[in-house]
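Engineer: Before anything else, here's the structure in question.
Numbering (the working numbering), first residue to last: 41 to 413.
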């Protein structure tokens, strides 16, 4: 383990699947102190008594891998928090929970705070900019993490880690004018920013597959992951299946979803889809493959391989939400496409139907829980 000058503190909003896999591996491979921020004193008490302040990850993709557990020495909630300004904040809550989760801690977040979003879906940046951090001078240093690890709950605070893929991180520009970054912009963060340095520290970065890059490079990866989620999450939820169970029959519906998503995303993210025509072979900017990656045929093959083959045993986060009768993130995934399509005055019939079917599945599960099958 490479020791940093001092042990950095990382506050964590969202101790679910992604939060737990991040926390366990930060504690295993770095000298960081990880401090979860719970929603209430009741949640803290339950974690300390029922969970013994311990979280764990079982790497089921490796049959020889044991259960890794870590005891968290500190945890906080709005009623107990007495710390000073938050330096590093990792947000892994559900997208629709972001605003409420951040609200109690806003007095401790300032322009020196490093805030990284590790979430599914799109549309959270607009929420942060327009509703939460409206004052430009006090906005935190904002980063995005795109993670494709398959993780689902085993019991209590123990999660099964079903599949592995790199985590990509980059600084998010608060304004659209900053969407295209130079190589030296990313290099400066790697050298000077505490959170980026921590996530790129060895052996954590090697084990977790952390890759630091410009925002446009990350955005291609984020749109890639978004398309995976737009297919795997809702379809497994609607069908109430593990990822691998749909492998032989999912190609047609995935094609409809991806094709419609790309039609809308190409309008909304035109600077990314036109990037190769404008910036290719300019030394200040990274070379990127966009059109050969973000096209329907390639993406459907990739989604089936990553979602249904590599993560065959995984139960998607949205399916888990419907099984446990929780609200889903559908409005920030397929629902986001519907909203964007409306903005551009075009139809998004496939994604609109997918949103309705996920909501129908959740409603049906809740009704069965209340009145029986």
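Beta carbons: idealized from backbone N, C-alpha and C, even for Gly. Quantities reported herein were computed from a predicted structural model and do not represent experimental measurements.
Within a Cβ cutoff of 6 Å, which residues of the same chain sit near residue 378, ignoring the five residues on either side of it in sequence?
Structural biologist: Taking the first residue of the chain shown as 1, we reach residue 378 at position 338. Close CB contacts of residue 378 within its chain, under the 6 Å cut and outside five residues either way in sequence, are with 388, 391, 392 (chain order).
Engineer: Could you check what DSSP says for residue 41 in three-state terms: helix, strand or coil?
Structural biologist: Here residue 41 refers to the residue found at position 1 of the chain shown. Confidence in residue 41 is poor, its pLDDT being 44 and thus under 50, which makes the residue's placement too unreliable to answer from.
Engineer: Buried or exposed, going by whether 16 or more other CB atoms sit within 10 Å of the CB of residue 384?
Structural biologist: For the purposes of this step, residue 384 is identified with residue 344 of the chain shown, where counting begins at 1. With fewer than 16 Cβ atoms within 10 Å of its Cβ, residue 384 is classed as exposed.
Engineer: Is the distance from the Cβ of residue 374 to the Cβ of residue 394 below 8 Å?
Structural biologist: Numbered from 1 along the chain shown, position 334 holds the residue referred to as residue 374. Numbered from 1 along the chain shown, position 354 holds the residue referred to as residue 394. Against a cut-off of 8 Å, the Cβ pair of residue 394 and residue 374 comes out as a contact.
Engineer: Between which residues of its own chain and residue 46 is the CB-CB distance below 7 Å, once the five residues before and five after are set aside?
Structural biologist: Locating residue 46 in the chain shown gives position 6, counting from the first residue. Correct list: empty, nothing qualifies.
Engineer: Distance check for residue 175 and residue 363, CA to CA, integer angstroms please.
Structural biologist: Working through the chain shown from its first residue, we reach residue 363 at position 323. Working through the chain shown from its first residue, we reach residue 175 at position 135. Answer to the nearest angstrom: the Cα atoms are 40 Å apart.
Engineer: When you compare the CB positions of residue 136 and residue 372, do they come within less than 8 Å of one another, or not?
Structural biologist: Numbered from 1 along the chain shown, position 96 holds the residue referred to as residue 136. Numbered from 1 along the chain shown, position 332 holds the residue referred to as residue 372. It is a contact, given that the beta carbons lie within the stated cut-off.
Engineer: Any idea if residue 153 is buried or exposed, counting beta-carbon neighbours within 10 angstroms, 16 or more meaning buried?
Structural biologist: On the chain shown, position 113 is the one that residue 153 refers to. By the neighbour-count criterion, in which 16 or more other beta carbons inside 10 Å mark a residue as buried, residue 153 falls on the buried side.
Engineer: Taking the runs of the beta strand (DSSP E) that are 3 residues or longer, which of them lie wholly in the stretch 99-186?
Structural biologist: 107-111, 128-131, 154-158
Engineer: Whole-angstrom Cβ separation of residue 270 and residue 301, contact assumed at under 8 Å?
Structural biologist: Residue 270 sits at position 230 when you count from the first residue of the chain shown. Residue 301 sits at position 261 when you count from the first residue of the chain shown. Their Cβ separation, rounded to whole angstroms, is 6 Å, which keeps residue 270 and residue 301 in contact under 8 Å.
Engineer: Does the beta-carbon distance from residue 74 to residue 50 come in below 8 Å?
Structural biologist: Taking the chain shown and counting its residues from 1, the one referred to as residue 74 is at position 34. Taking the chain shown and counting its residues from 1, the one referred to as residue 50 is at position 10. A contact, by the Cβ cut-off of 8 Å.
Engineer: Which residue's Cα is closest to the Cα of residue 196: 93, 237, 338?
Structural biologist: As a working mapping, residue 196 is identified with position 156 in the chain shown. Answer by Cα proximity: 93.
Engineer: State the start and end residues of the unbroken beta strand (DSSP E) segment that holds residue 251.
Structural biologist: Start at 1 with the first residue of the chain shown, and residue 251 comes out as number 211. 250-252 is the span of the beta strand (DSSP E), which, as asked, contains residue 251.
Engineer: Apart from the five residues just before and just after residue 406, which ones in its own chain have a Cβ nearer than 8 Å to its Cβ?
Structural biologist: In the chain shown, the residue the question calls residue 406 occupies position 366. Short of 8 Å from the beta carbon of residue 406, and not among the five residues preceding or following it, lie these beta carbons of its own chain, in chain order: 365.
Engineer: Three-state secondary structure (DSSP) at residue 207?
Structural biologist: The residue you call residue 207 lines up with position 167 of the chain shown. Looking at residue 207 - three-state DSSP - the assignment turns out to be strand.
Engineer: Check residue 351 in the structure and name its three-state DSSP category.
Structural biologist: The residue labelled residue 351 in the question sits at position 311 within the chain shown. Coil.
Engineer: Just checking my contact of residue 482 with residue 101 at CB under 8 Å: how many whole Å lie between their CB atoms?
Structural biologist: The structure shown does not extend to residue 482, since the chain is modelled only from 41 through 413, so no value can be given for it.
Engineer: Can you tell me whether residue 400 is buried or exposed? The criterion is at least 16 other CB atoms within 10 Å of its CB, across all chains shown.
Structural biologist: The residue given as residue 400 occupies position 360 in the chain shown. Residue 400 is exposed by the Cβ-count criterion.
Engineer: Evaluate residue 53 with the Cβ neighbour count: other Cβ atoms within 10 Å of its Cβ, from every protein chain shown; 16 or more gives buried, anything less gives exposed.
Structural biologist: Reading the chain shown from its first residue, position 13 is the one you call residue 53. The residue in question, residue 53, is buried, as its Cβ has 16 or more Cβ neighbours within 10 Å.
Engineer: Can you name the start and end residues of the alpha helix (DSSP H) that residue 190 belongs to?
Structural biologist: Your numbering for residue 190 matches position 150 in the chain shown. Where residue 190 is concerned, there is no enclosing alpha helix (DSSP H), although the beta strand (DSSP E) it sits in stretches over 190-195.
Engineer: Identify which residue in 259, 108, 130, 350 has its Cα closest to the Cα of residue 326.
Structural biologist: Taking the chain shown and counting its residues from 1, one reaches residue 326 at position 286. With distances taken between Cα atoms, residue 326 lies closest to 259.
Engineer: Within 10 Å of its beta-carbon, does residue 367 have 16 or more other beta-carbons around it, so buried, or fewer, so exposed?
Structural biologist: For the purposes of this step, residue 367 is taken as residue 327 along the chain shown, with counting starting at 1. Looking at its Cβ environment, which holds fewer than 16 other Cβ atoms inside 10 Å, residue 367 is exposed.
Engineer: Please name the residue in 90, 316, 111, 104 whose C-alpha comes closest to that of residue 65.
Structural biologist: As a first step, residue 65 must be located in the chain shown, where it is residue number 25. Among 90, 316, 111, 104, the Cα nearest to that of residue 65 belongs to 111.
Engineer: Buried or exposed for residue 224, please, with buried defined as at least 16 other CB atoms from any protein chain shown within 10 angstroms of its CB.
Structural biologist: Reading the chain shown from its first residue, position 184 is the one you call residue 224. The residue in question, residue 224, is exposed, as its Cβ has fewer than 16 Cβ neighbours within 10 Å.
Engineer: Under 8 Å, do residue 274 and residue 187 count as touching if we go by C-beta distance?
Structural biologist: As a working note, residue 274 is residue 234 in the chain shown. As a working note, residue 187 is residue 147 in the chain shown. For residue 274 and residue 187, no; Cβs fall outside 8 Å.
Engineer: Starting from residue 76 and walking both ways along the beta strand (DSSP E), at which residues does that stretch end?
Structural biologist: Locating residue 76 in the chain shown gives position 36, where the first residue counts as 1. Here the beta strand (DSSP E) through residue 76 covers 73-76.
Engineer: Hey, how far is the Cα of residue 160 from the Cα of residue 134?
Structural biologist: As a position in the chain shown, residue 160 is number 120, starting the count at 1. As a position in the chain shown, residue 134 is number 94, starting the count at 1. About 8 Å.
Engineer: Taking residue 397 as the reference, give the member of 358, 382, 381, 236 with the closest Cα.
Structural biologist: Taking the first residue of the chain shown as position 1, residue 397 is located at position 357. Minimum Cα distance to residue 397 is reached at 358.
Engineer: If you drop the 5 nearest sequence neighbours on each side, which residues of the same chain put their C-beta closer than 8 Å to that of residue 125?
Structural biologist: In the chain shown, the residue the question calls residue 125 occupies position 85. Cβ within range, chain order: 148, 149, 150, 152, 153.
Engineer: Distance, Cα to Cα, residue 109 vs residue 95?
Structural biologist: Within the chain shown, residue 109 is the residue found at index 69, counting from 1. Within the chain shown, residue 95 is the residue found at index 55, counting from 1. C-alpha separation (whole angstroms): 6 Å.
Engineer: Are there three or more Cβ pairs, one per stretch, closer than 8 Å when the stretch 341-355 is compared with the stretch 165-182?
Structural biologist: no
Engineer: Which partner residues does residue 50 have in the DSSP bridge list?
Structural biologist: For this step, residue 50 is matched to residue 10 along the chain shown. Answer is 74.
Engineer: Among 255, 228, 334, 236, which has the Cα closest to the Cα of residue 476?
Structural biologist: The shown model of the chain, from 41 to 413, leaves out residue 476, and the question about it has no answer.
Engineer: When DSSP labels each residue in this structure, what does residue 255 get in the three-state scheme?
Structural biologist: Along the chain shown, read from residue 1 onward, the residue named residue 255 stands at position 215. Helix.
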